[in-house]
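Residue numbers (my numbering): 8 to 162.
This is the structure:
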């Protein structure tokens, strides 16, 4: 299965093709607490763009962005997980309920992928990947290309 993410590349600091989940571990996220690695991806490139845009500050498109295509072998997705969503799953803040769902899922490491709806566009899906899963080494970057956010997104 092809998944997408927009990632920054800053030579000497971090690479766009890094699949370690370190960025999410440092900042925490809707589906992971600080200190736990997770890799946030989307089923569509356009959803990945929206996810990055809603977290961008200011009116200038981010520089050094790359569209990264990630391949997860289909048999690993087949055993993916889709949680029951708590009522507050789509609050703008990161609710403790979703962080806890993600924390438990990451610790159990029973599946490489957890499919969750995008808060930005609930008809679309994000896929959280668990870098600590025993089969995560089979997840690969298949393509990486420079990507510029359309300036109209910043009007």
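Heads up, the beta-carbon is just placed ideally off N, CA and C, and yes, glycines get one too.
Given the structure is predicted, the values throughout are model-derived calculations rather than measurements.
Asked, Found
"Within the region 122 to 151, note down every full beta strand (DSSP E) run reaching 3 residues or more, in order along the chain.", "132 to 136"
"Mind checking residue 13: buried by the 16 CB within 10 Å criterion, or exposed?", "buried"
"First and last residue of the beta strand (DSSP E) that includes residue 14?", "9 to 15"
"To the nearest angstrom, how far is it from the Cα of residue 81 to the Cα of residue 137?", "15 Å"
"Under 8 Å between C-beta atoms, does residue 8 make it to chain D?", "Any reference to chain D falls outside this structure, which holds one protein chain only."
"I want to know whether the region 145 to 159 touches the region 89 to 98 - three or more CB-CB distances under 8 Å.", "no"
"Under a Cβ-count criterion, where at least 16 other Cβ atoms within 10 Å of its own Cβ denotes burial, should residue 27 be classed as buried or exposed?", "exposed"
"Could you please give the first and the last residue of the uninterrupted alpha helix (DSSP H) stretch that includes residue 104?", "103 to 115"
"What separation, rounded to the nearest whole angstrom, lies between the Cα atoms of residue 70 and residue 15?", "8 Å"
"How would you write the range of the beta strand (DSSP E) that residue 205 sits in, first residue to last?", "The first residue shown for the chain is 8 and the last is 162, placing residue 205 beyond what the model contains."
"Given residue 122, which residues of its chain have a CB within under 6 Å of its CB, disregarding the five upstream and five downstream residues?", "87, 89, 132 and 134"
"Bridge partners of residue 120, per DSSP?", "136"
"In chain order, what are the residue ranges of uninterrupted alpha helix (DSSP H) at least 4 long that sit wholly in the region 16 to 46?", "29 to 34"
"Distance, Cα to Cα, residue 112 vs residue 106?", "10 Å"
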